[in-house]
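Novice:
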Amino acid sequence: MAKLFKLTRDKFEELRNEQEYLKTVREKEVAELIKEARSFGDLSENSEYDEAKNEQGKLYARINELESILSNYEIIDESADVSTVRTGSRIRVKDLGDNSEEEYYIVGSTEADPMENRISDESPFGKAVLGKKKNDKVKVEAPAGVIEYKILSIAL
1038 MAKLFKLTRD KFEELRNEQE YLKTVREKEV AELIKEARSF GDLSENSEYD EAKNEQGKLY
1098 ARINELESIL SNYEIIDESA DVSTVRTGSR IRVKDLGDNS EEEYYIVGST EADPMENRIS
1158 DESPFGKAVL GKKKNDKVKV EAPAGVIEYK ILSIAL
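Residues 1038 to 1193 (our numbering) make up the sequence shown, in order.
1. When the Cα atoms are used, what is the spatial distance from A1039 to G1078?
2. Since S1132 sits in a beta bridge, which residues does DSSP pair it with?
3. Are E1185 and V1175 close, meaning C-beta to C-beta below 9 Å?
4. Mapping the DSSP letters down to three states, classify T1124 as helix, strand or coil.
5. Going by DSSP, what residues sit across from R1155 in a beta bridge?
6. V1166 by DSSP, collapsed to three states: which one?
7. What would DSSP say about A1098, mapped onto helix, strand or coil?
8. What residue from K1072, S1108 and Y1110 has the CA that sits closest to Q1093's CA?
9. Would you tell me roughly how many angstroms separate the C-alpha atoms of G1168 and K1095, rounded to the nearest one?
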């Protein structure tokens, strides 16, 4: 069964626009690069041709990836109940080990960016907090050991 990708409305639009650009503009640019490189002669010693073909391979791989995502996605409902943590929730948690507080945005795997505190709902942390309520405590298995958090707030 194909994986279901959970996307925010903005991420869906971004991916759809990227797909459109790659199929209409970039594909023609790469085809032109290949055509130009072919005109240089012997293809067996033509690094420009090899480079253009590699670029074409990367382009088609990305187009296929986008088609896979956009053929099996679900838009995250950002107007739903905020009493429990779900994909699309912004949560504030307190690390009960060192009393530090952090805010995280729980997103689908295609939007995850830990450096921006955008945590995948498929990560250990994401799985631990999904379905929890304000003031619930959760334990997360981390490389450094088990970390316990308390959910301080949930928002969208």
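Where a beta carbon is used, it is the ideal one built from N, C-alpha and C, also for glycine.
Bear in mind the structure is a predicted one, so any value in this text is a computation, not a measurement.
Specialist: The relevant details are as follows:
1. As a working mapping, residue 1039 is identified with position 2 in the sequence shown. As a working mapping, residue 1078 is identified with position 41 in the sequence shown. Here the C-alpha atom of A1039 lies approximately 44 Å from the C-alpha atom of G1078.
2. Along the sequence shown, read from residue 1 onward, the residue named residue 1132 stands at position 95. In the sequence as displayed, the identity of residue 1132 is Asp instead of Ser. Y1186.
3. In the sequence shown, counting from the first residue as 1, residue 1185 sits at position 148. In the sequence shown, counting from the first residue as 1, residue 1175 sits at position 138. Yes, they are a contact pair.
4. By one-based count along the sequence shown, residue 1124 stands at place 87. Correct three-state label for T1124: coil.
5. Position 118 of the sequence shown, counted from the first residue, corresponds to residue 1155. The partner list for R1155 (beta bridge, DSSP) reads Y1142 and D1150.
6. Taking the sequence shown and counting its residues from 1, one reaches residue 1166 at position 129. Reduced to three states, the DSSP call for V1166 is helix.
7. Working through the sequence shown from its first residue, we reach residue 1098 at position 61. Helix.
8. Your numbering for residue 1093 matches position 56 in the sequence shown. Per the Cα distances, K1072.
9. Numbered from its first residue, the sequence shown carries residue 1168 at position 131. Numbered from its first residue, the sequence shown carries residue 1095 at position 58. Distance between the alpha carbons of G1168 and K1095 is about 38 Å.
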